[in-house]
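Colleague:
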Amino acid sequence: MCFSSEYADVRLWKNKVLLTWKKEARFENYRAPTAAALELMGKYSCDFVIDARNGFEDEKEDVEWGFTFLLPEMAKTGCKNVWFIMNEVNENEIGEEMDMWGTEFGKYFTVRKVDSPLKVGV
0 MCFSSEYADV RLWKNKVLLT WKKEARFENY RAPTAAALEL MGKYSCDFVI
50 DARNGFEDEK EDVEWGFTFL LPEMAKTGCK NVWFIMNEVN ENEIGEEMDM
100 WGTEFGKYFT VRKVDSPLKV GV
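With numbering that gives the first Met the number 0, the residue at position 84 of the sequence shown is 83, and numbering never jumps.
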């Protein structure tokens, strides 16, 4: 495990960086795990998996930080593919927000949405 908090875990998984959200996070509780994921991507030049089945919400400031800092920095790491793991329940709750993120990620990476970790990399 590279990073663990009450909000998220970050680790290497199947030669990819896996960020698993445990619950909604804001500001430093959002940025610390994403920064840890960025560090791993830079170290291992690998792809990124976001498990958003347990929640994903952003403050406006976190979105701006993600769009202006995080994604451009991720693009420098060698990451080529990003997977969003979502289920039907949270697709209804946060689908619009994830579509916004998917569009922005799509400017840098190939983006895939899956409903199970078993479908990542397939």
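Glycine included, every Cβ here is placed at the ideal spot set by N, Cα and C.
#1: Among the candidates G101, C45, M40 and S4, whose CA atom is the shortest distance from the CA of R25?
#2: Between the stretch 100–110 and the stretch 33–42, are three or more C-beta pairs nearer than 8 Å?
#3: Which residue comes first and which comes last in the beta strand (DSSP E) that contains V111?
#4: Given a cut-off of 8 Å on the beta-carbon distance, is the pair D50 and W20 in contact?
#5: With a threshold of 16 other CB atoms inside 10 Å of the CB of D122, please say whether the residue is buried or exposed.
#6: Determine the closest residue to R23 out of V48, N53 and S44, with distance taken between C-alpha atoms.
#7: Out of curiosity, what's the CA-to-CA distance linking M0 and L11?
#8: Please report how far the alpha carbon of L117 lies from the alpha carbon of V48, in whole angstroms.
#9: Have a look at F68, V9 and N80 and flag the residue whose alpha-carbon is nearest the alpha-carbon of S44.
#10: Quick one: grab the DSSP three-state call for K59.
#11: Assign N28 to one of three DSSP states: helix, strand, or coil.
#12: How big is the Cα-Cα spacing for P71 and W64?
Modeller: Based on what the coordinates show:
#1: Here the question's residue 25 lines up with position 26 in the sequence shown. Nearest C-alpha to R25: S4.
#2: no
#3: If you number the sequence shown from 1, residue 111 lands on position 112. Correcting the residue type first, residue 111 is Arg in the shown sequence and not Val. Per DSSP, R111 belongs to the beta strand (DSSP E) from T109 to V113.
#4: Counting from one through the sequence shown, the residue named residue 50 turns up at place 51. Counting from one through the sequence shown, the residue named residue 20 turns up at place 21. Yes, the pair counts as a contact, with Cβ atoms nearer than the cut-off.
#5: Nothing about residue 122 can be reported from this structure: the residues present for the chain run from 0 to 121 only.
#6: In the sequence shown, residue 23 corresponds to position 24, counting from 1. Residue identity differs from the one stated: residue 23 is Glu in this sequence, not Arg. Closest option to E23, Cα to Cα, is N53.
#7: Indexing the sequence shown from 1 puts residue 0 at position 1. Indexing the sequence shown from 1 puts residue 11 at position 12. C-alpha separation (whole angstroms): 7 Å.
#8: Counting from one through the sequence shown, the residue named residue 117 turns up at place 118. Counting from one through the sequence shown, the residue named residue 48 turns up at place 49. When rounded, the distance between both Cα atoms is 12 Å.
#9: In the sequence shown, residue 44 corresponds to position 45, counting from 1. The residue with the shortest Cα to Cα distance from S44 is N80.
#10: The count along the sequence shown starts at 1 and reaches residue 59 at position 60. It is helical.
#11: Within the sequence shown, the letter at position 29 stands for residue 28. Judged by DSSP in its simplified three-state form, N28 adopts helix.
#12: Residue mapping note: residue 71 aligns to position 72 of the sequence shown, counting from 1. Residue mapping note: residue 64 aligns to position 65 of the sequence shown, counting from 1. C-alpha separation (whole angstroms): 10 Å.
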